[in-house]
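To convert, note that position 98 of the sequence shown is 98 in full-length UniProt numbering; the numbers rise steadily by one, no gaps.
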Amino acid sequence: MDDDYDNIPNSPAIRYYNTLDDYFIGHGKYTECSQFDSISVKDMNAYKLCMSFLGNLENYHKLNFSMKNNEHKCHYLNLWAYDRLSKIKIIDKTTMISFLLTHWGEYKYKKECSGADFLYYYADNTNYIKTKRIYDYALNYEQFELLYKENNNIACTKKHDEYIKKIHSLIEEVITECEGKQSLKHYCVAWGNIQKIYSKNDLLNLECKSVEKEEDHPEEDFEGPKTWQDEEQSGLPHGLHREGPQGEIAEETISGLSLPEVGSSSGSHQAAATAVPILGISSIFFLLYKFTGLGSMARNLLRGRINGINSQDELTNELLESTYDDQVNPGITETYIGYQAT
1 MDDDYDNIPN SPAIRYYNTL DDYFIGHGKY TECSQFDSIS VKDMNAYKLC
51 MSFLGNLENY HKLNFSMKNN EHKCHYLNLW AYDRLSKIKI IDKTTMISFL
101 LTHWGEYKYK KECSGADFLY YYADNTNYIK TKRIYDYALN YEQFELLYKE
151 NNNIACTKKH DEYIKKIHSL IEEVITECEG KQSLKHYCVA WGNIQKIYSK
201 NDLLNLECKS VEKEEDHPEE DFEGPKTWQD EEQSGLPHGL HREGPQGEIA
251 EETISGLSLP EVGSSSGSHQ AAATAVPILG ISSIFFLLYK FTGLGSMARN
301 LLRGRINGIN SQDELTNELL ESTYDDQVNP GITETYIGYQ AT
């Protein structure tokens, strides 16, 4: 399976993740993040993650996805944080994990959203990839439905056709593994959650009626359909800009800080596969116990991870016109329950 099939520039999922990079970056947190911008470190990915992360924590109540997906914004925050962590190359990842969890355990919304999922993803990269793709499909589905189900005269790009087929294949795999069983695996829970937003039949019956020929509009296969490329950015929060071909946003300065280069959120899956150094495991035990209250559960999970470490390789901000919804769904409390199909 192509590990990059969900890398779709300008899709809602990527745009939402890019918004988490940019919208609340900074907010006066330069001192806290200075350790990642020192002469000896100079890891800009770590520095940008620090600045964005602290801004998102401080403004958690203002984070908005679409009305349908806003209930799961804590899941998306955890997925975003781990995705961006995987891009860090210079500093030891356990240093950043310690920093993030320390602040995650101190901010005022910690009861609504903890960093427990973030640590599970660090311990099990395969779990993370499947979970992220399922939750991201919930973000992308409505735009794809508008383009290709309701408007059958629009041909799919080859990239979108590949995405739809492969996400359906993943869902079928998850259904076989999860439905009718109690499971704490995050992708099983994710599949149960998105079925509360869209029906299983709708999610699995989306298909391309036709696919563009390569010579028709070759640039669209990379950029997305022409209807996406021509969209105005009125629906994006003030200060955000359209991504370039790789999902990057043109650099500009906010309070003297250059905005981060934002790539597609899925391009780091392979890098994330090597994210568990043996020497970092003991510190993760302590962090999970101290900051999430799930020490015993994570201890069992990570012990299994250690045993297998030598063998493991590891659209629509409401139709692109309204990236952020005006309604906030406060008081969401994270629950970790098994998925039981009905």
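Beta carbons are placed, not taken as given, at the ideal position from N, Cα and C, and that holds for glycine.
Quick caveat: nothing in here was measured; it's all calculated off a predicted structure.
9 Å is my cut-off, CB to CB: does residue i come that close to chain B?
{"i": "Thr157", "result": "Checking the listed chains, one finds no chain B in this structure; it contains a single protein chain."}
With distance defined between alpha-carbon atoms, name the residue in the options nearest to residue i.
{"i": "His61", "options": "Ser183, Lys108 and Leu184", "result": "Lys108"}
{"i": "Leu63", "options": "Glu112, Ser98 and Met96", "result": "Glu112"}
{"i": "Asn45", "options": "Ile175, Asn78, Lys89 and Ser38", "result": "Lys89"}
{"i": "Lys185", "options": "Ser199, Tyr198 and Tyr121", "result": "Tyr121"}
{"i": "Phe99", "options": "Lys200, Cys33 and Ser199", "result": "Cys33"}
{"i": "Lys29", "options": "Ala123, His103, Phe144 and Lys130", "result": "His103"}
{"i": "Lys110", "options": "Thr95, Asp124 and Leu77", "result": "Leu77"}
{"i": "Phe144", "options": "Thr126, Ile167, Asp124 and Asn125", "result": "Ile167"}
{"i": "residue 343", "options": "Ile175, Ile97 and Thr31", "result": "Residue 343 cannot be examined here, being either before or after the span of the chain that is shown, 1 to 342."}
Can you give me the C-alpha to C-alpha distance between residue i and residue j, rounded to a whole angstrom?
{"i": "Asn70", "j": "Asn153", "result": "31 Å"}
{"i": "residue 369", "j": "Asp43", "result": "Here the chain covers residues 1 to 342 and nothing more, so residue 369 does not appear."}
{"i": "Leu146", "j": "Lys196", "result": "20 Å"}
{"i": "Leu203", "j": "Lys149", "result": "11 Å"}
{"i": "Tyr128", "j": "Lys209", "result": "31 Å"}
{"i": "Leu49", "j": "Trp191", "result": "28 Å"}
{"i": "Cys156", "j": "Cys188", "result": "29 Å"}
{"i": "Lys159", "j": "Pro12", "result": "15 Å"}
{"i": "Ser66", "j": "Tyr141", "result": "12 Å"}
{"i": "Asp161", "j": "Leu206", "result": "10 Å"}
{"i": "Lys165", "j": "Asp6", "result": "11 Å"}
{"i": "Asn10", "j": "Leu101", "result": "30 Å"}
{"i": "Asn59", "j": "Tyr163", "result": "33 Å"}
{"i": "Arg15", "j": "Arg133", "result": "15 Å"}
{"i": "residue 424", "j": "Ile8", "result": "Past the edges of the chain, shown from 1 to 342, lies residue 424, and the structure says nothing about it."}
{"i": "Ser183", "j": "Lys93", "result": "29 Å"}
{"i": "Asn125", "j": "Leu79", "result": "11 Å"}
{"i": "Asn201", "j": "His75", "result": "24 Å"}
{"i": "Lys68", "j": "Asn193", "result": "11 Å"}
{"i": "Glu179", "j": "Tyr198", "result": "16 Å"}
{"i": "Thr95", "j": "Glu106", "result": "17 Å"}
{"i": "Lys181", "j": "Gln35", "result": "46 Å"}
{"i": "Thr176", "j": "His27", "result": "45 Å"}
{"i": "Ser38", "j": "Tyr47", "result": "10 Å"}
{"i": "Thr31", "j": "Met51", "result": "10 Å"}
Taking residue i as part of the alpha helix (DSSP H), name the residues at either end of that continuous run.
{"i": "Asn56", "result": "Met44 to Glu58"}
{"i": "Val211", "result": "Run containing Val211: none; DSSP gives neither H nor E here."}
{"i": "Tyr17", "result": "Pro12 to Asp22"}
{"i": "Glu173", "result": "Lys158 to Cys178"}
{"i": "Ser98", "result": "Lys93 to Trp104"}
{"i": "His75", "result": "Lys73 to Leu85"}
{"i": "Asp37", "result": "First-last for Asp37: undefined, no H or E at that position."}
{"i": "Ser125", "result": "Note that residue 125 corresponds to Asn in the displayed sequence, not to Ser. Note, Asn125: alpha helix (DSSP H), Asn125 to Glu145."}
{"i": "Ile194", "result": "His186 to Ile194"}
{"i": "Leu203", "result": "Lys200 to Asn205"}
Buried or exposed: which applies to residue i, given that a residue is buried once 16 or more other Cβ atoms fall within 10 Å of its Cβ?
{"i": "Asn18", "result": "buried"}
{"i": "Asp3", "result": "exposed"}
{"i": "Lys130", "result": "buried"}
{"i": "Glu212", "result": "buried"}
{"i": "Lys73", "result": "buried"}
Requested in this report: Could you tell me whether the segment 83-93 touches the segment 107-117, where touching means 3 or more Cβ pairs closer than 8 Å?
Outcome: Under the 8 Å Cβ criterion, the segment 83-93 does not count as touching the segment 107-117, having fewer than three qualifying pairs.
Query raised in the report: Does the segment 46-58 come close enough to the segment 18-35 to have 3 or more Cβ pairs within less than 8 Å?
Result: Between the segment 46-58 and the segment 18-35, the count of Cβ pairs shorter than 8 Å is three or higher; the stretches touch.
Query raised in the report: When the Cβ atoms of the segment 120-138 are set against those of the segment 161-171, are three or more pairs found closer than 8 Å?
Result: Counting Cβ pairs under 8 Å, three or more are found: they touch.
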